[in-house]
Amino acid sequence: MRKSLPQRIALNTVGVVGALLFGFPTYWLITTSFKTPGEVLSPRYDLIPISVTFENFTSALSKPGFTAFLANSLIVTLGAVLTALVAGVLAAFPLARMRFRGRKGFLFLVLVAQLAPIEALLIPLYLLMRDAGLLNQLPSLLLVYMALTLPFTCWMLYGFVKGIPIELEEAAMIDGCGRWQAFRRVTLPLLGPGLVATSVFSFITAWNEFLFALVLMQDQGKRTIPVWLSTFREAFLVDWGGIMAASVIYAVPALIFFLIVQRKLVSGLTAGAVKG
Amino acid sequence: MTSTKDVAAMPAGNTPPASPRVPTLRARRRRKGFGDSVLPYLLLAPGVIAIAALLIWPTLQLVLISFRKLDLRELVTGQLVWVGIDNYTDVLGDPVFWEVTVRTLAFMAAVVAATILIALLLALLMKQLNPIVRVILQVTLVVAWATPAVAATTVFQWIFDQQYGILNKTLALIGFDGFIGHSWFSDGPSTLTVIGLLITWQAVPFVAFSLYAGLIGVPREQYEAAGIDGAGPWQTFRTVSWPAIQPILTIVTFLSVIWDFRVFTQVWAIKQGGPDGESTTLPIYMYLKGIAGSHFGPAAAIAMIMLLVLVILLARYIQLLLRSKEVDLK
Chain A
41 MRKSLPQRIA LNTVGVVGAL LFGFPTYWLI TTSFKTPGEV LSPRYDLIPI
91 SVTFENFTSA LSKPGFTAFL ANSLIVTLGA VLTALVAGVL AAFPLARMRF
141 RGRKGFLFLV LVAQLAPIEA LLIPLYLLMR DAGLLNQLPS LLLVYMALTL
191 PFTCWMLYGF VKGIPIELEE AAMIDGCGRW QAFRRVTLPL LGPGLVATSV
241 FSFITAWNEF LFALVLMQDQ GKRTIPVWLS TFREAFLVDW GGIMAASVIY
291 AVPALIFFLI VQRKLVSGLT AGAVKG
Chain B
435 MTSTKDVAAM PAGNTPPASP RVPTLRARRR RKGFGDSVLP YLLLAPGVIA
485 IAALLIWPTL QLVLISFRKL DLRELVTGQL VWVGIDNYTD VLGDPVFWEV
535 TVRTLAFMAA VVAATILIAL LLALLMKQLN PIVRVILQVT LVVAWATPAV
585 AATTVFQWIF DQQYGILNKT LALIGFDGFI GHSWFSDGPS TLTVIGLLIT
635 WQAVPFVAFS LYAGLIGVPR EQYEAAGIDG AGPWQTFRTV SWPAIQPILT
685 IVTFLSVIWD FRVFTQVWAI KQGGPDGEST TLPIYMYLKG IAGSHFGPAA
735 AIAMIMLLVL VILLARYIQL LLRSKEVDLK
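Chains as they are written, first to last, in this note's numbering: chain A, 41 to 316; chain B, 435 to 764.
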């Protein structure tokens, strides 16, 4: 459809305004983190930082425990991603390649598990972890995050394995490979991009998780970054520059990973119906 | 884990090397050995065990706890006290519960409506934009989407800060002096509005991209044909664009309902349900009753009611899902 010039100018202006509105909060987050404390709290009105300083970042990193919380978040998130990935690959292979009783049932379970609000399971999981003596233990959070990401991981990897032609495996088997060898030598390497996309998605889910981290890790030293950040007022008082710097440090891994797999996410999400 | 791998490797060892008498694959498939029939279950085992232990078992526990009296005393002594439907009658008889439920549903509806509307307009807009403007808009959307919820919450608190926030400064600058020192978090409706803006900001990109993907899937010829037939923009939208995005719109609307109904992080991180519980939604209410107040029985009942409400809201979606899966699960 051809539009007249004034129409196109108007539409593009709306587009630019939309971009400004959507970009502003993140822009403000990042620029505030580079402002000097004086500039942050000055009554003046500057949209662009006058002087760039890194002192907010050093102040955030030197807050008691910040690096420990960062480490907690990393351990729990990476552990959950890895375990879910291993279980997911093991499950995806038979789901996509074999016919057996209960296959449909499992796929349906995975689908339902993705939609079920895990928040509702907060109380039983809390009691379960308490009875197992796992409160304030990082592995309990790791397990919950694995459970949180596993259905999605299974579903995504199932789709990816199905997308790889079975003829390739059959050809390898005719050449004398066993089924496992054919899978490992032919399908697994082709699954690479799928593994990356899936694990990035799980990473973001676990990295962002807040409620279970709040409930299961009540020990100050066992906290994860999001929980710690949400209680920043105690830690920072009104040091907004420091808060923004800590938020930036926390947001950067998610931002980078997100940009890598952004295109795959929409198709994966609408197909599997989950959210990050 | 290793044992499963060993089993998976077994057929490899048993397979005879290529020889003139290698059976065809089809024949081999028909002659399933013991290993072949057990193999899928062994491979699925880790996933099944994890889902059963961490999702199914807790769900059953949730049902049972909702019929128990389980406060700190019972928790410590390990006593099993069954109270029948008392937790449910207690919860349903509490006017606060109804207040919170109505608030949660209204909040959810407002956020979902705003998200879908803005996303639909953005998706339609993206199709018309100059490529450079489109890329800029898409990058800002991805960044908004990718910003972790708690980081987004901190920057929204900063933007809406009473004294130094950019919003009050801007409003004062353009002549609304009344906003100098205005507190956006002093009452429930205002706090919920800020939370709603925050959630909408983060929720729009996914919906907009999904709809945009649907729109660019429409063959150009269909638009040209509509143009030749003399259809105006509205008619073109109704006859060409709408049929293409309608199924996607249904799915993303249902997904938004699920996500916005159970949202906890942003609501808690902004004001912890305050001031005076005026921004408390059902998940917050459940948390306060259960974890903070140690009344696990009523909290489990609240969780069960939440599940029930979701099932009712999503009945149609589950139906659609089951139908589409019949095709896909073959």
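All residues carry an ideal CB built from backbone N, CA and C; glycine is no exception. Remember, it's a predicted structure, so these values are computed and weren't measured experimentally.
Taking 8 angstroms as the CB-CB limit, is residue i close to chain A?
i	result
tryptophan 592 (chain B)	yes
alanine 678 (chain B)	no
proline 623 (chain B)	no
proline 457 (chain B)	In this prediction, proline 457 (chain B) has a pLDDT of 48, which is less than 50 and means its spatial position is unreliable; nothing more can be read from the coordinates.
lysine 503 (chain B)	no
alanine 578 (chain B)	yes
arginine 465 (chain B)	Interpretation of arginine 465 (chain B) is limited by its pLDDT of 49, a score under 50 that renders its predicted location unreliable; no figure is taken from the coordinates.
leucine 551 (chain B)	no
proline 709 (chain B)	no
threonine 699 (chain B)	yes
glycine 481 (chain B)	yes
leucine 683 (chain B)	no
Which residues in chain B sit within 9 angstroms of residue i, going by Cβ to Cβ distance?
i	result
leucine 81 (chain A)	Gln597 and Tyr598
Using the three-state DSSP reduction, which class does residue i fall into: helix, strand or coil?
i	result
arginine 141 (chain A)	coil
arginine 225 (chain A)	helix
lysine 103 (chain A)	coil
arginine 502 (chain B)	strand
valine 201 (chain A)	helix
tryptophan 516 (chain B)	strand
glutamine 596 (chain B)	coil
threonine 538 (chain B)	helix
tryptophan 195 (chain A)	helix
alanine 187 (chain A)	helix
alanine 665 (chain B)	coil
methionine 740 (chain B)	helix
threonine 714 (chain B)	coil
serine 91 (chain A)	coil
alanine 82 (chain A)	The residue you asked about is not alanine; residue 82 (chain A) is serine in the sequence shown. Of the three classes helix, strand and coil, the one that applies to serine 82 (chain A) here is coil, per DSSP.
valine 652 (chain B)	coil
alanine 156 (chain A)	coil
proline 681 (chain B)	helix
methionine 257 (chain A)	coil
tryptophan 618 (chain B)	coil
glutamine 706 (chain B)	coil
Since residue i meets chain B, which of its residues come closer than 7 angstroms, beta carbon to beta carbon?
i	result
tyrosine 198 (chain A)	Residues of chain B passing the Cβ test: none, with the nearest at roughly 10 angstroms.
Hey, does residue i have any beta-carbon neighbour from chain B nearer than 8 angstroms?
i	result
phenylalanine 250 (chain A)	yes
glutamine 260 (chain A)	no
alanine 294 (chain A)	yes
isoleucine 163 (chain A)	yes
glycine 234 (chain A)	no
valine 255 (chain A)	yes
valine 226 (chain A)	no
proline 77 (chain A)	no
alanine 237 (chain A)	no
leucine 230 (chain A)	no
valine 54 (chain A)	yes
tryptophan 280 (chain A)	yes
What does residue i touch in chain A if you count any residue whose Cβ is under 8 angstroms from its own?
i	result
valine 589 (chain B)	Pro65, Thr66, Trp68, Leu69, Thr72, Met284 and Ser287
tryptophan 635 (chain B)	Phe62 and Pro65
glycine 780 (chain B)	No statement about residue 780 (chain B) is possible, as the shown extent of chain B runs from 435 to 764 and does not include it.
So residue i contacts chain A; which residues on that side make the cut at Cβ distance below 7 angstroms?
i	result
arginine 696 (chain B)	Pro157 and Glu159
leucine 477 (chain B)	Leu130, Ala131, Phe133 and Pro134
threonine 714 (chain B)	By Cβ distance, chain A contributes nothing, its closest Cβ being about 15 angstroms from threonine 714 (chain B), past 7 angstroms.
lysine 603 (chain B)	Tyr85
isoleucine 718 (chain B)	Simply none; closest approach about 10 angstroms.
Going along chain A in order, which residues have a C-beta closer than 9 angstroms to the C-beta of residue i?
i	result
glutamine 495 (chain B)	Leu161, Ile163, Pro164, Leu165, Leu167 and Leu168
leucine 575 (chain B)	Gly58, Ala59, Phe62 and Gly63
isoleucine 608 (chain B)	Chain A residues near isoleucine 608 (chain B): none, gap ~11 angstroms exceeds 9 angstroms.
Which chain B residues are close to residue i, counting only those with a beta carbon under 8 angstroms from its beta carbon?
i	result
tryptophan 247 (chain A)	Pro582
When you check each C-beta in the stretch 557-572 of chain B against every C-beta of chain A, which residues fall closer than 8 angstroms? Leu559, Met560, Gln562, Leu563, Asn564, Val567, Arg568, Ile570 and Leu571
Can you pull out the residues from the stretch 168-183 of chain A whose beta carbon lies closer than 7 angstroms to at least one beta carbon of chain B? Leu168 and Leu183
For the stretch 93-125 of chain A, enumerate the residues whose C-beta is nearer than 7 angstroms to any C-beta of chain B, in chain order. none
If you measure beta-carbon to beta-carbon, which residues of the stretch 738-752 of chain B are closer than 7 angstroms to chain A? Met740, Leu741 and Leu744
If you pair each beta-carbon of the stretch 733-750 of chain B with each one of the stretch 488-504 of chain B, do three or more pairs fall below 8 angstroms? yes
Which residues, in chain order, does the stretch 201-213 of chain A contribute to contact with chain B at a C-beta distance below 8 angstroms? Glu210 and Met213
Check whether the stretch 120-129 of chain A and the stretch 238-253 of chain A touch, using three or more Cβ-Cβ pairs below 8 angstroms as the test. yes
Three or more C-beta pairs below 8 angstroms linking the stretch 223-238 of chain A and the stretch 155-171 of chain A: no
Hey, is the stretch 653-663 of chain B in contact with the stretch 715-731 of chain B, meaning 3+ C-beta pairs nearer than 8 angstroms? no
Taking only beta carbons into account, state which residues of the stretch 720-736 of chain B come closer than 8 angstroms to chain A, listed in chain order. Met720, Tyr721, Gly724, Ile725, Phe730, Ala733 and Ala734
Cβ contact check for the stretch 42-50 of chain A and the stretch 257-271 of chain A: 3 or more pairs under 8 angstroms: no
Tell me whether the stretch 685-700 of chain B and the stretch 663-671 of chain B touch, counting them as touching only if at least three CB pairs, one residue from each stretch, are closer than 8 angstroms. no
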